[in-house]
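> Each residue of the sequence shown is one higher than the one before, starting from 15 at the first, in the working numbering.
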Amino acid sequence: MTDPATPSAQPASAVRLDIPGGSGLIHRDVAANGARFHIAELGDGPLVLLLHGFPQFWWTWRHQLTALADAGFRAVAMDLRGVGGSDRTPRGYDPANLALDITGVIRSLGEPDAALVGHDLGGYLAWTAAAMRPKLVRRLAVASMPHPRRWRSALLSDARQSAALSHIWGFQRPWIPERQLTAEDGALVGKLIQDWSGPHLPDDEALENYRRAMCIPSTAHCSIEPYRWMVRSLARPDGIQYNRRMKRPVRVPTLHLHGSLDPVVRTRSAAGSGQYVEAPYRWRLFDGLGHFPHEEDPVSFSTELINWLKDPEPDR
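#1: When the Cα of Leu123 is compared with those of Pro104, Ala54, Arg164 and Leu179, which residue comes out closest?
#2: Quick one: complete alpha helix (DSSP H) runs, 4+ long, within the stretch 61 to 129?
#3: Rounded to the nearest angstrom, how far is the Cβ of Trp189 from that of Val264, given a contact under 8 Å?
#4: Assuming Phe68 and Val29 make a contact with CB atoms under 8 Å, what is their CB distance in whole Å?
#5: How close, in whole Å, do the beta carbons of Arg88 and Gly59 come, if the pair is a contact with beta carbons under 8 Å?
#6: In chain order, what residues of the same chain have a beta carbon less than 8 Å from the beta carbon of Arg174, not counting five sequence neighbours either side?
#7: Determine the DSSP secondary structure at Asp209, reduced to helix, strand or coil.
#8: Identify the continuous beta strand (DSSP E) that holds Arg163 and give its terminal residues.
#9: So is Ser316 buried or exposed if we call it buried at 16+ other beta carbons inside 10 Å?
#10: On a Cα-Cα basis, can you pick out the residue from Leu319, Phe300, Val44 and Trp75 that is closest to Ser284?
#11: Return the chain-ordered list of same chain residues with a C-beta closer than 7 Å to the C-beta of Gly208, the five sequence neighbours on each side being excluded.
#12: According to DSSP, what are the bridge partners of Phe51?
#13: Please identify the residue among Phe51, Gly48 and Gly57 whose C-alpha is closest to the C-alpha of Ser37.
#14: Starting from the C-beta of Tyr295, find all residues in its chain whose C-beta is less than 6 Å away, skip the five residues before and the five after it, and write them out in chain order.
#15: For Thr16, which of helix, strand or coil comes out of DSSP?
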C-alpha cells in the first residue's frame, strides 16, 4: 500500500524527536495486536498513556510528557496504527481493533492498567477502550471528542455539526484526500491546524513536524481510514454492532476537556457525554481555546489533568 507519489516523502525516523525538557525521553517499539507501535516514554510511576488525534502524531503530547513525568507518572505517548513510527498495516482501522491496539500496548508495557488520555481520534478510541476493556483502564481523560454514541447522534441529527466536518465527508473520496494532504510538503496539514486552533496557535516547529510526519509514505492514507470507517459504517452491520457495543457504560472516573472555540467539535456535541458514564464525570470547558487545548494552553491543560489524576475524589 502506497500513497500517491510525492516529492516530499519522509523517512519514518522523522518522528523520533527530542522534546524541550525531556532529557530522559526514550523512543522504542512495542508489539501489540499483531503490529509494531512506536512509543515515546518519560518518567516513572503509574502509567498514563497518551493518544493523539488527526492530523498529528505522538509529539502533540510533548508538553504533557514532561509535566506528567515531573508529577510522578510514567508518561507514554504512542503513535496510533498507521501513523508516525508505527506500522502501516493494510487494514485494521475500525475503532474496535484500534482500541485493541491500545490495550495491547498497555500489556506490552508490563502494566496492569493505565489512565488513558486521548485527543480527537485518540479520544474516540479512549472512550472505546474504556467501554470494551474496562479492567485495563484506570481513569479516562478525553479532549475535543464526544462519546462515540453522542458523536454518532450529532453527525446524523445536527446540521451545523455535520457542516463543521466537511473534511471528513471529503475523506470518503478515493485517493484524492491523500494527494491533498501530502501536496506541497503537507501544506494542508498546517492549514487545518491553524484553522482549527483558537488564538493561541501551535508554534511553527510543531506545524513543520506535523507536515513532515504526514509525508511519510502511506501515512496520509492510514490517517484517514478511521474516518472513512466512521461514515461508511453508519448503516453497515459492523457499524451498527459497534454502536450497540458502545451502549456499555464507562465505569471509570472520566475527565472531559473541551475548548470553547473548537470549530470541529461543537460544544453542544461534546456536552452530554456524561450520560454514558456510570462513574465520577467532570466536564471542563476552556474559554478561548480551539480544537487543540493541550497545545494552545499546555500549562492550564496539564494542570487540570494532573490535579484530576491525583484527586482521590475526582467527582468533586
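Where is the CB? At the ideal position from N, CA and C, for every residue including glycine.
All figures in this text were calculated on a predicted structure; none of them were measured in a lab.
So, to answer that:
#1: Locating residue 123 in the sequence shown gives position 109, counting from the first residue. With distances taken between Cα atoms, Leu123 lies closest to Ala54.
#2: Qualifying alpha helix (DSSP H) stretches, in chain order: 76 to 84 and 109 to 122.
#3: If you number the sequence shown from 1, residue 189 lands on position 175. If you number the sequence shown from 1, residue 264 lands on position 250. Rounded, the Cβ-Cβ distance is 37 Å, inconsistent with contact.
#4: As a working note, residue 68 is residue 54 in the sequence shown. As a working note, residue 29 is residue 15 in the sequence shown. About 15 Å separates the beta carbon of Phe68 from that of Val29, a gap too long to meet the 8 Å contact definition.
#5: For this step, residue 88 is matched to residue 74 along the sequence shown. For this step, residue 59 is matched to residue 45 along the sequence shown. With a beta-carbon spacing of about 5 Å, Arg88 and Gly59 fall inside the 8 Å limit used to define contacts.
#6: Reading the sequence shown from its first residue, position 160 is the one you call residue 174. Correct list, in chain order: Arg280.
#7: Taking the sequence shown and counting its residues from 1, the one referred to as residue 209 is at position 195. Helix at Asp209.
#8: What you label residue 163 is simply residue 149 of the sequence shown in a count that begins at 1. Where Arg163 is concerned, there is no enclosing beta strand (DSSP E), although the alpha helix (DSSP H) it sits in stretches over Pro162 to Ser171.
#9: Looking up residue 316 in the sequence shown gives position 302. Per the 10 Å Cβ criterion, buried.
#10: In the sequence shown, residue 284 corresponds to position 270, counting from 1. In the sequence as presented, Ser is not what sits at residue 284; that position holds Ala. That would be Phe300, whose Cα lies nearest to the Cα of Ala284.
#11: To locate residue 208, count along the sequence shown from 1; it is residue 194. At residue 208 the sequence reads Gln, which differs from the Gly that was named. Excluding residues within five positions, the ones whose Cβ falls inside 7 Å are Leu215.
#12: Translated into positions along the sequence shown, residue 51 becomes position 37. Its beta-bridge partners are Val44.
#13: On the sequence shown, residue 37 is found 23 positions in, with the first residue counted as 1. The shortest CA-to-CA distance from Ser37 to any of Phe51, Gly48 and Gly57 is the one to Gly57.
#14: Position 281 of the sequence shown, counting from 1, holds the residue named residue 295. These residues qualify, in order along the chain: Thr268 and Gly288.
#15: Taking the first residue of the sequence shown as position 1, residue 16 is located at position 2. Since pLDDT at Thr16 reaches only 40, below the 50 mark, its modelled position is unreliable, and the value read off the structure follows with that caveat. For Thr16, the three-state secondary structure derived from DSSP is coil.
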